[in-house]
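Visitor: Below are the structure tokens for one structure; questions will follow.
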Amino acid sequence: ILFVLGLKIENPTFNKTISYQKINEKWYPKLFRWDAKIALKKSHVFKANEHSKINIGQIFFINKIDLIASPIPKEKLFDAKKNMEDQVHNNINIKWRELNIIKN
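As structure tokens, this is what we get:
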């Protein structure tokens, strides 16, 4: 599709950074960061080509970790031979409306 539009991506570079934090003698993620640098060329037949440089990136910073995790009891471990419906356990009574919400 890019070729048909006369676009060409040149020399893309991608970088990622992951850092961790130690809480109660265990390591947890603290920061995820990724950056991309892309050179874009738009070719024209009867006029000069266009050149663009694009820098994009994203940072995901974890500023609070709720340590509610605990080992899964043996009787609740997933078994592919059993029905999935019988193996879904909502131990902390989470509701669908509470998922994917950012709270202060």
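Numbering-wise (the working numbering), the sequence shown opens with residue 2 and increments by one.
Just so you know, even glycine gets a beta-carbon here, dropped at the ideal spot from N, CA and C.
Here the structure is a predicted model, which means the values were calculated and not measured.
(1) Looking only at its chain, what residues have a beta carbon closer than 8 Å to the beta carbon of residue 7, apart from the 5 residues adjacent to it on each side?
(2) From the DSSP output, in three-state form, read off residue 87 for me.
(3) Residues in its own chain within less than 8 Å of residue 58 by CB, not counting five upstream and five downstream?
(4) Quick one: Cα of residue 81 to Cα of residue 39, how far?
(5) Using 8 Å as the threshold, is the C-beta distance between residue 93 and residue 69 below it?
(6) Excluding the five sequence neighbours on either side, which residues of its own chain have a C-beta within less than 6 Å of the C-beta of residue 28, listed in chain order?
Guide: Let me spell this out:
(1) For this step, residue 7 is matched to residue 6 along the sequence shown. Once the five neighbours on either side are set aside, the close Cβ partners of residue 7 are 43, 44, 45.
(2) Walking along the sequence shown from the start, residue 87 turns up at place 86. It is helical.
(3) Here residue 58 refers to the residue found at position 57 when the sequence shown is read from its first residue. So the list reads 34, 35, 36, 37, once near-sequence residues are dropped.
(4) The sequence position of residue 81 within the sequence shown is 80, counting from 1. The sequence position of residue 39 within the sequence shown is 38, counting from 1. Near 44 Å, if we compare the C-alpha coordinates of residue 39 and residue 81.
(5) The sequence position of residue 93 within the sequence shown is 92, counting from 1. The sequence position of residue 69 within the sequence shown is 68, counting from 1. Yes, the pair counts as a contact, with Cβ atoms nearer than the cut-off.
(6) The sequence position of residue 28 within the sequence shown is 27, counting from 1. The residues are 21.
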